[in-house]
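Accompanying notes for the structure given below.
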Amino acid sequence: MTDDADAGDDDGGGNGDRSDATTRHGTLVDWREWGQAAFDRAEARTEPILLYLTAPWCVACAEMDAATFSEPRLAAHVGEGFVPIRVDADRHPRVRERYNMGGFPSTVFATPAGEVMTGATYLGPDGFRGILDSVRGSWDAKGTDAGRVPRALQDPDPPAGAVTAEIEAHMVEQVAASFDEEFGGWGQGGKFPLPRTVEFAAKRDRDRAARTLEAVHAHLHDTYDGGFYRYAEHRDWSGLHREKLLDENAALLRAFVTGYLYTGKGTYREAAESAADYLTTTLWAGEAFAGSQAGGDYYTLEPSDREEADPPHVDATVFADRNGLAADALLALHAVTDAEGPRRYAERALDHVLDELVEDGTVTHYRDGGAVGATGLLVDAATLLAGLTTAVQVTGERRYLDAAREAAEEALDLQAKDGAFLDGPTVGPGLLDRPLRPLDTNVELADALIDLAYLADEHRYREAAGEALSAFAGAADRMGVEVAAYAAACARHHYDPLVVETPPAGSDLHRAALRVADHEKVVVPGDRETAVVRRGTERSAPAADPEALTARVGETDQPSLE
């Protein structure tokens, strides 16, 4: 049995059996798996829970295993007074969203009902010893009253409002105000690449988008092994965290493709192609893409020394959500370069996910031998749908449109009365029975639903997207650059995206449409002989060749922020 094997439901199921801790994790703690049985044991023994969220790519997690959980007295203390549960955060996304303490590892102490008593990220032996004593004292004094439900789950209803032009205008102001004019990127502390923010800015503030792409390329790109590191601890892009995750690399690949689409700059294309090479070599798991590659000191070695060293571990788990993002990005690269390799890998990954992880539209998060992930998660439906709608636009394949429709119908079942989408079924141990409305995933799904509305010619998908966006609009004036994708989706909904109806995929007019410098457009390949450009109810005259199509796009009314 593996550490994360469950009885058919990765987040809510599981048998709670002990994992083989000493051989699989190198620790002395007698870990149990996430599942109802572990919570039942805590209830029966009247003991608090130690919930440890880790990830296979996390260097600090391995360090805490070696320094803290391998200390005999600490392991004994845990075994005597707590029920320890170890969670792979990549395999349990809903657990991650409810119990993440701001990074990995996340060390969480909870009541048998799953309510949070306290938590931290990395803890060395001394810090962990102190928090154990503190939690034990709080438990002895207060019992279950020592726990609390996180605020996001106490009052989960988002502040609703109207989707207006002001949302996009506010975000344009935020992009300018939060920009680091000295070092590039956004914020005055640690630097995250924020690829969706780069894409928002590429259409509305090209200079700041370009300066950020250049900073990311200069500081986060691994010029030897390929791929992009996660982030930098400091404002000047120093203090690198060198883990490489599939979803983050896919998002950056798409951001560089977007930069190339708008500027034609060769270095952006080269960066995108380098990222694609990394995905299709190091992260290729045979039939689809692996989830991540760990960080470590390996990346600080000179190239000649790397040749003699073993590269960091690759987690070969195929996740539905991350493969959807990878396919989306690789197809975007093909769309603007005609490179066939990225397209072939994207289609193979999508086909594998559809064959192995999707049944009647319901997506399973992952399968790994006997371990089976949760089904019906919003993150899987949203990102897979994004990959499928891009595949329809690029390939014109009917099978991807049919699969997109099925995935959308399953996702619509997660839409709450307030319009927002829940992150999954409200069942399971701990806090999984409390609804959560993640903004980022709602945006991803809304964007894909807008695409699908035009590809399938079904307005109800656009209506569902609008309801989801409206559910958060009351807080739009307080949103920062980290959620710029929300403003982009609102703009697409408010103004209607640019839509280009073309002859069949692969034709000159179709290829020209894919290259129109608007990454928020929708390309609808069909049986037409000419192309038509439309926005809302306005339709252009037919275009019979790429030059005429370019002219029709230029004649189309463009939204203005003024």
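Going by the numbering used here, the letters in the sequence shown line up with residues 484 to 1045, in that order.
For every residue, glycine included, the Cβ atom is placed at its ideal position computed from N, Cα and C.
Quantities reported herein were computed from a predicted structural model and do not represent experimental measurements.
* Can you tell me whether DSSP reads Arg827 as helix, strand or coil? -> Reduced to three states, the DSSP call for Arg827 is helix.
* To do: Using three-state DSSP, classify Thr873 as helix, strand or coil.
  => In the three-state reduction of the DSSP assignment, Thr873 falls in the helix class, which pools H, G and I.
* What residues in its chain sit with their C-beta under 7 Å from that of Ala521, if we drop five residues either side in the sequence? -> Gly499, Arg515, Val566 and Ile568, listed in sequence order.
* Asked: To which residues of the same chain is Cys544 closer than 7 Å at the C-beta, ignoring the five residues directly before and after it?
  -> Excluding residues up to 5 positions away in sequence, Thr537, Ala538, Phe587 and Pro588 lie with their Cβ nearer than 7 Å to the Cβ of Cys544 in the same chain.
* Throw me the rounded Cβ distance for the Arg975 and Glu1003 pair, which I believe falls under 8 Å. => Indeed, because the Cβ distance is near 6 Å, the residues count as touching under 8 Å.
* Touch test, the stretch 652–664 against the stretch 680–694, Cβ-Cβ under 8 Å, three pairs minimum -> A contact exists between the stretch 652–664 and the stretch 680–694.
* By a C-beta neighbour count over all protein chains shown, 10 Å radius and 16 as the cutoff for buried, is Asp838 buried or exposed? -> Counting every other CB atom within 10 Å of its CB across the protein chains shown gives Asp838 a total below 16, marking it as exposed.
* Answer yes or no: does any C-beta atom of chain B fall closer than 8 Å to that of His976? => The structure shown contains no chain B, having only a single protein chain.
* To do: Can you check DSSP and say which residues form a bridge with His724?
  => Within the DSSP bridge table, the entry for His724 names Tyr714 as partners.
* Asked: If Val964 and Leu696 are in contact, beta carbons under 8 Å, what's the gap, nearest whole angstrom?
  -> About 15 Å separates the two Cβ atoms, so there is no contact after all.
* Could you give the residue range of the alpha helix (DSSP H) that holds Asp571? -> No alpha helix (DSSP H) holds Asp571; the beta strand (DSSP E) holding it covers Val566 to Asp571.
* To do: Kindly indicate which residue of Ala754, Arg631, Asp523 and Asp640 has the alpha-carbon position closest to the one of Ala958.
  => Minimum Cα distance to Ala958 is reached at Asp640.
* Asked: What are the boundary residues of the beta strand (DSSP E) that includes Ser589?
  -> Ser589 to Ala593 is the extent of the beta strand (DSSP E) around Ser589.
* Flag this pair as yes or no: are the beta carbons of Ala829 and Ala931 separated by less than 8 Å? => No, Cβ-Cβ distance for Ala829 and Ala931 is not below 8 Å.
* Between Ala693 and Ala596, what straight-line distance do the alpha-carbon atoms span, to the nearest angstrom? -> Their Cα atoms are separated by approximately 48 Å.
* Which residues bound the alpha helix (DSSP H) around Gly620? -> For Gly620, the enclosing alpha helix (DSSP H) stretches over residues Pro608 to Lys625.
* To do: Keeping to the same chain, check which residues put their C-beta closer than 6 Å to that of Arg737; ignore five residues upstream and five downstream.
  => Excluding positions up to five away in sequence, the list reads Ala812 and Ala815.
* Given that a residue counts as buried once 16 or more other Cβ atoms are within 10 Å of its Cβ, and exposed if not, what is Thr594? -> With 16 or more other Cβ atoms within 10 Å, it is buried.
* **For Ala891 and Leu935, believed in contact at Cβ under 8 Å, the rounded distance** => Yes, Leu935 and Ala891 are in contact; Cβ-Cβ is about 6 Å, under 8 Å.
* Does the Cβ-Cβ distance between Phe772 and Ala822 come in under 8 Å? -> Not in contact: Phe772 and Ala822 (Cβ atoms no closer than 8 Å).
* **Ala1034 - containing alpha helix (DSSP H), residue span** => The continuous alpha helix (DSSP H) containing Ala1034 extends over residues Pro1029 to Glu1038.
* Can you give me the Cβ contacts of Thr505 inside the same chain, cut-off strictly under 6 Å, excluding the 5 residues immediately before and after it? => Here the model assigns Thr505 a pLDDT of 38, short of 50, so the residue's position is not dependable, and the following value carries that caveat. Beyond the five residues adjoining it in sequence on each side, Thr505 comes within less than 6 Å, by CB distance, of no other residue in the same chain.
* Answer yes or no: do Glu726 and Cys541 have a C-beta to C-beta separation smaller than 8 Å? => For the 8 Å CB-CB criterion, Glu726 and Cys541 form a contact.
* Asked: Is it right to say Pro555 is buried, meaning 16 or more other beta carbons lie within 10 angstroms of its own, or is it exposed?
  -> In summary, Pro555 is exposed, with fewer than 16 beta-carbon neighbours lying within 10 Å of its beta-carbon over all protein chains present.
* Apart from the five residues just before and just after Ala648, which ones in its own chain have a Cβ nearer than 7 Å to its Cβ? -> Cβ within range, chain order: His977.
* What span of residues does the alpha helix (DSSP H) with Met547 cover, start to end? -> Note, Met547: alpha helix (DSSP H), Val542 to Ala550.
* Asked: Distance, Cα to Cα, Leu808 vs Arg1022?
  -> Taking the straight line from one Cα to the other gives about 31 Å.
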